[in-house]
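This report concerns only the one structure given below.
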Amino acid sequence: MKKLILSLAVCGLLFTTSCKDKNAEVETTEQTEVEATDLAKAKEDAQVKLDEAKQALEAAIKSGDKAAEELAKKAVEDAQKAWDEAAGKLGEAAGDIKNDAQEVAGELKDKVNETKEETAKVAGELKDAATQKTEEIKKATDKTVENLDKKGAELKEKATNASEEAKKGLKNTADALKK
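One point on numbering: in numbering that gives the first Met the number 0, the residue at position 26 of the sequence shown is 25, and numbering is uninterrupted.
See the structure below:
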């Protein structure tokens, strides 16, 4: 009986801990990875354009062409601005990823705590059920011992009565033989 109850409790525990929604988190992670990759590529492209603009500025300064120098400075400023924006967005994405990871870790911790609480609850219920069954078995055993004691006492009394009647019968027979 104990094994049956314990087996059912273990099955219940396994059932409650195995139910999880794994697909929702995977989609969020994949989307974040794609955004981070796109932003990293945009930052690399902005860096290449910035380097090209700086080279064009150096060439314009060497040539002494003021108009070309002004255009090159404007191109460097624009490329620097684009690079700063890409770096900022990449930093934001990294922050978002960090925040998402912390949020997922928090949710995971909450789920672990919930599972621990459920496990403790199930263990408590199992302990209570086992204690109750143990008490029932003890009561039944005590009642059986009591009934056996009563039957033993009754049989002893019957044996004593039969022994006394046999003694009386023998005495009567002995008295009858003496006469």
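Where is the CB? At the ideal position from N, CA and C, for every residue including glycine.
Subject >> Proximity to residue 81 [Cα-Cα], best of 48, 175, 141, 178 >> reply: Position 82 of the sequence shown, counted from the first residue, corresponds to residue 81. Comparing Cα-Cα distances from residue 81 to each of 48, 175, 141, 178, the minimum goes to 48.
Subject >> Between the CA atoms of residue 115 and residue 101 - distance to the nearest angstrom >> reply: In the sequence shown, the residue the question calls residue 101 occupies position 102. In the sequence shown, the residue the question calls residue 115 occupies position 116. Distance between the alpha carbons of residue 101 and residue 115 is about 21 Å.
**OP:** Report yes if the CB atom of residue 55 is closer than 8 Å to the CB atom of residue 74, and no otherwise.
**Re:** By one-based count along the sequence shown, residue 55 stands at place 56. By one-based count along the sequence shown, residue 74 stands at place 75. Yes; because the gap between Cβ atoms is below 8 Å, this pair is in contact.
Subject >> Through-space distance from residue 149 to residue 143, alpha-carbon basis >> reply: Translated into positions along the sequence shown, residue 143 becomes position 144. Translated into positions along the sequence shown, residue 149 becomes position 150. Going from the Cα of residue 143 to the Cα of residue 149 covers about 10 Å.
Original post:
How would you label residue 85, buried or exposed, when you count the other beta carbons within 10 angstroms and need 16 or more for buried?
Top reply: Locating residue 85 in the sequence shown gives position 86, where the first residue counts as 1. Residue 85 is buried by the Cβ-count criterion.
Original post:
Taking the alpha helix (DSSP H) that residue 105 falls in, what are its first and last residues?
Top reply: As a first step, residue 105 is located in the sequence shown; it is residue number 106 there, counting from the start. It spans 65-177 - the alpha helix (DSSP H) in which residue 105 sits, taken as one unbroken run.
Subject >> Closest Cα partner of residue 71 within the set 120, 153, 119, 50 >> reply: As a position in the sequence shown, residue 71 is number 72, starting the count at 1. Relative to the Cα of residue 71, the nearest Cα in the group 120, 153, 119, 50 belongs to 50.
Original post:
In whole angstroms, what separates the C-alpha of residue 76 from that of residue 69?
Top reply: Position 77 of the sequence shown holds residue 76. Position 70 of the sequence shown holds residue 69. Approximately 11 Å between the Cα atoms of the pair.
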